[in-house]
Amino acid sequence: MRITQGTFSFLPDLTPAQVRAQIQYALDQGWAVSVEYTDDPHPRNTYWEMWGPPMFDLRDAAGVYGEVEACRAANPGLYVRVNAFDSTRGWETVRLSFIVQRPEKEDGFRLDRTEGEGRTQRYAIQSRAYAAR
């Protein structure tokens, strides 16, 4: 199962040149770029681990891409994503977010359904990776 979160998630993985081009696009817009990683890509897990602080002052994609590569090397088998933040309106808004590394095998999720009083049904998304632990 392929996790489909963020921009480009329904496309094949981006090549290094395409990743650098997207980073340069974000920088050209004046957006700050950050790199994050996780082993739990649950849709409600919006707080991935940060790979250093956001890069507010960089204007060259090579510097950001170097951090992407360092994060990949330090976290093989985990998800790595790039975020671009726009602060032009006085608050940080994510304008672009895309996954740049995935584990070879993505466990995916399962949908758990429970029935309650009066035929009420509740649903929960459970990570298969954590269910197997």
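My numbering runs 1 ahead of the 1-based position in the sequence shown. Glycine included, each C-beta is placed from N, C-alpha and C at the ideal position.
From E105, A125, R82, residue whose alpha carbon lies closest to that of S35:
R82
Between which two residues does the beta strand (DSSP E) containing Y38 stretch?
33-39
Contact between the segment 18-33 and the segment 87-104: three or more CB pairs below 8 angstroms?
Two segments are said to touch when three or more pairs of C-beta atoms, one from each, lie closer than 8 angstroms; by this definition the segment 18-33 touches the segment 87-104.
Cβ distance (whole Å) where P55 is taken to contact Y80 below 8 angstroms:
Contact flag wrong, Cβ pair sits at about 18 angstroms.
Of the residues S10, R73, A125, the one placed nearest E50, counting alpha carbons only
Minimum Cα distance to E50 is reached at R73.
If I follow the unbroken alpha helix (DSSP H) through D29, where does it start and stop?
For D29, the enclosing alpha helix (DSSP H) starts and ends at 17-29.
Y80: first and last residue of the uninterrupted beta strand (DSSP E) it sits in:
80-87
Excluding the 5 residues preceding and the 5 following V20 in the sequence, name in chain order all residues of the same chain whose CB lies nearer than 6 angstroms to its CB.
V101
Confirm, please, whether the CB-CB distance from Q127 to D108 is below 7 angstroms.
In this structure, Q127 does not lie closer than 7 angstroms to D108 by Cβ.
Classify E50 as helix, strand or coil using the three-state DSSP reduction.
strand
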